[in-house]
Amino acid sequence: MQYLDVNQLSLLNRMTSRIRQSLELPEILDTTVAEVRAFLKTDRVKIYKFDGAGNGQVIAESIRQDCLPSLKGLNFPASDIPPQARELFLKARVRSIVDVHQQEIYLSEPERLPSTATGELTLTEVQQQPLETLLQRPVDPCHVEYLTLMGVQSSLVIPILAQNQLWGLLISHNIQPQTFCENQLEVVQMIAAQVEIAIAQSHLLRQAREKARQEAIVNQVSTLLHTPLDTQQRLEIVLQQIVNAFQASSGILCLNDGRALAPNCYVQGYIQGPLQIWQDYSWPQLLSMANLQMSRVAVDNLELNSQTRQLASLLAETSIRGVLSVPIQYSQEHLGNLTIFRDAIEAERLWAGYQAPDPRQARPRQSFEEWREIIRGQSLPWTKADCDLLESLGNQVALAAMQERLYRQEQKQRILVEMRNSELHQARQIAEEANRLKSDFLSSTSHELRTPLASTLNYLKLLKEQFYDNEIELQEYIEAAHSAAESLTFLINDILDIAKIEAGQMSVDWQKVSLKLLLKQEYSLFKVESLKRDINLKIDCPINTIVADENKLRQVLTNLLSNAFKFTEAGEVSLTVSPQIDTDPVMILFEVRDTGIGIDLAKHPQLFEAFVQEDGSIRRRYGGTGLGLAICKKLVELMGGQIWLESLGKGKGTTVKFTIPNLDTPNLDTQLKGG
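Counting in my numbering, the sequence shown runs from 3 upward without gaps.
This is the structure in structure tokens:
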């Protein structure tokens, strides 16, 4: 290598300085082609960039005015620079110098001398042959014709690499034959190296900008996912932001809320954009038809992709042509899908000459005049960055969905715990009330038992010691002892009855009962007390006979009438019996009504419980154990009836009603045994 002169060093310094001053690649490339053309004094210098399919595009160009037509912005098919030529540039970083007039090509590596060889190579031959052999070959006649049609007599091509891949070419064209000295080649090679540095910097800058953009979008969506809104409103806003971030036209967010019976049974769906035509579909049906369930799908032309043709038919009435869909997953659980759509675009692509389908037209090219290709029926392509970003957003949705599910589960557990605590509190209150009632009952019962028992013993002691003065006093002592013994017997019978009922040991003795006679006996039983206390007693019964357990019915009526007289100071007590013909079977209704102290409305349900009276003052004033109504309730229910009470409140009297079925039918025994 010869030493560089001042102009060459100045050029290198300017290029290095420009690359350091600007991070915008288009600006650097425009400067590069202008500086190189001025340095080489050629008619055109261009930078040719390859795409993933091997096609190329002129992205920067400097031309001498009125010398060669501009090629900037034009695309060239991959066949113009075939794979073996691209592989040679990549393998040897070779410089190609073509002299069209002499039909010679000079291939060299940096720091190597030019050499020649024979034959056109294939891609496999380029990959397999030694580098020394590859650097010795004549120019291809097609290449000569290609450059001639372009109006070029001399060309210089230097490869540009990025990340060990062939990124593009730095090309110089001249309409006259031209030779290059070694220093010129080295300088241009150094400039190409500076361009490679600029490309690497631009790539890093683009990556950094894209990463910052994606992080901003992810942060925005994450913030929205945790806003204090209801689930539907929050997810609809999130979906709208996602659609906007991708310059999409619409989107669908489907989520399994954790209560579905099957993994793909979606119960929540959110639509953004012109997809209301899908509202009639269920979410499982929609996702199944669209093939958008368990894998990532990125398609920019629905009709050309076999996986999405059915989806294309669903969207035929819309302008949607592109779809990007990712599954929403947490660990191994499939939670749903996030899908966005893009509308079709109409774009044009400028080619250097018409691309004829006839393979005979492929090489050499007959024309480089601008030809416009109109692209329709597809959307803006999805990039890898688009796919990665949507997956990141899907992960954010998955995290938010799981957090909400866990929150709902925690709320549910808390409610269940609160309900259980409430139940335990109620159970404790009931137990405490039962203990209190039991204590009251034991206190009352001990008093009720001791009083008649002590009275009986005292009178019997008087009789034993013959502490009486005459026959009249003797009879009084006997009557008093008998009355006390009867009270004690009634009390013990009540206690035994309730115990038998609670133990399920009491049976029903069904028989025909003369209701008229039974009520007449009840009237006689309470007539004396009615007259003594001046409380009118009325009994009304239009029914002669019924089928019932006579003893239990008598016990219920006696208990209810006794209570009525006990709690009535003045007025009347009435007993009314009537058939209820509008029921099946026909029921007999008994009503015991008094004009007594009445009952607080809030106390009604409690009074049929064992040991319960409305309050302690009633027990102290009127006596009793609180078992009467409880026994009545059990006996009525044993006979297939119901019992309840009615009272407008304190001081407004009480009515106790109960029903028993009327079983006075020919097949009485069969019915009783079967029912």
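Ideal Cβ positions, reconstructed from N, Cα and C, are used throughout, including at glycine.
Terminal residues of the alpha helix (DSSP H) in which residue i lies
i: HIS205; result: 184-227
i: PRO383; result: It is not in any alpha helix (DSSP H) - PRO383 carries neither H nor E in the DSSP assignment.
i: LYS43; result: Element bounds for LYS43: n/a, residue is neither H nor E.
i: LEU241; result: 233-247
i: GLY630; result: 630-640
i: LEU317; result: It is not in any alpha helix (DSSP H) - LEU317 carries neither H nor E in the DSSP assignment.
Residue i classed as buried or exposed, judged by whether at least 16 other C-beta atoms fall within 10 angstroms
i: THR661; result: buried
i: ALA550; result: buried
i: ASP360; result: Only weak support is given to the placement of ASP360: the predicted model assigns it a pLDDT of 43, under 50, and the question is left unresolved by the model.
i: CYS69; result: exposed
i: PHE469; result: exposed
i: MET17; result: buried
i: MET421; result: exposed
i: LEU263; result: In this prediction, LEU263 scores a pLDDT of 39, lower than 50, which makes its location untrustworthy; no coordinate-derived value is stated.
i: ARG344; result: buried
i: LEU392; result: buried
i: TYR268; result: Annotation note: pLDDT 38 at TYR268 (below 50); position unreliable, no value reported.
i: PRO329; result: buried
i: ARG430; result: exposed
i: GLN415; result: exposed
i: ASN664; result: buried
i: ALA210; result: exposed
i: ALA87; result: buried
i: LYS466; result: exposed
i: HIS427; result: exposed
i: GLY506; result: exposed
i: ARG22; result: exposed
i: GLY653; result: exposed
i: VAL678; result: With the chain covering only 3 through 677, there is no way to say anything about residue 678.
i: LYS514; result: exposed
i: ALA566; result: buried
i: VAL575; result: buried
From the options, residue whose alpha carbon lies closest to that of residue i
i: ILE30; options: ILE65, GLY75, SER576 and ALA194; result: ALA194
i: ALA403; options: LEU337, SER394, THR44 and GLN312; result: LEU337
i: TRP169; options: ARG595, GLN331, ALA572 and LEU92; result: LEU92
i: ALA387; options: ARG208, ARG416, ARG430 and ILE541; result: ARG208
i: ALA300; options: ARG88, SER321, THR341 and LEU255; result: THR341
i: LEU25; options: VAL197, ASP7 and LYS51; result: VAL197
i: GLN186; options: THR44, GLN222 and LEU490; result: THR44
i: LEU257; options: GLN249, GLU406, ASP602 and ILE160; result: GLU406
i: GLY655; options: ALA572, GLN644, THR150 and THR578; result: ALA572
i: TRP646; options: ASN538, SER394 and VAL594; result: VAL594
i: GLU611; options: ASP471, LYS440, SER649 and TYR50; result: LYS440
i: ILE500; options: THR233, CYS634 and ILE173; result: CYS634
i: ASN57; options: ARG66, PRO84 and PHE41; result: PRO84
i: ASN15; options: ASP53, MET152 and VAL189; result: VAL189
i: GLU524; options: GLU425, LEU172 and GLU552; result: GLU552
i: ALA456; options: GLY324, LEU490 and ILE599; result: LEU490
i: GLU147; options: ASP82, GLN582 and SER297; result: ASP82
Terminal residues of the beta strand (DSSP E) in which residue i lies
i: VAL588; result: Note, VAL588: premise wrong, no beta strand (DSSP E); not H, not E.
i: ARG547; result: Note that residue 547 is Thr in the sequence shown, not Arg. Run containing THR547: 547-550, per the beta strand (DSSP E) assignment.
i: TYR660; result: In the sequence on display, residue 660 carries Phe and not Tyr. Counting along the chain, the beta strand (DSSP E) containing PHE660 begins and ends at 656-663.
i: VAL325; result: 322-332
i: MET514; result: For the sequence presented, residue 514 should be read as Lys rather than Met. Note, LYS514: beta strand (DSSP E), 513-516.
i: ASN339; result: 335-345
i: LEU577; result: 573-582
i: LEU304; result: First-last for LEU304: undefined, no H or E at that position.
i: CYS256; result: 252-257
i: SER297; result: No beta strand (DSSP E) holds SER297; DSSP gives it neither H nor E.
i: ALA164; result: 156-164
i: ILE537; result: 537-542
i: GLY170; result: 167-176
i: ILE645; result: 644-648
Distance cut-off 7 Å: residue i Cβ against heavy atoms of the ligand GDP
i: ILE662; result: With respect to the ligand GDP, the structure offers nothing, as it holds no ligand at all.
Sufficient close CB pairs (3 or more, under 8 Å) joining the segment 150-159 to the segment 167-182: yes
Stretch-stretch touch, CB-based, cutoff 8 Å, three pairs: the segment 552-572 with the segment 517-526: yes
Given 8 Å, three or more beta-carbon pairs between the segment 190-204 and the segment 30-39: yes
Cβ contact (3+ pairs, closer than 8 Å) linking the segment 458-468 and the segment 480-494: yes
Three CB pairs or more closer than 8 Å across the segment 525-532 and the segment 492-499: no
Ranges of the beta strand (DSSP E) found wholly within the segment 17-95, counting only runs of at least 3: 46-52 and 58-65
The segment 221-231 touching the segment 385-399, judged by at least three CB pairs closer than 8 Å: yes
The segment 53-63 contacting the segment 74-89, beta-carbon criterion three pairs below 8 Å: yes
Cβ pair count under 8 Å reaching 3, the segment 199-215 against the segment 307-321: no
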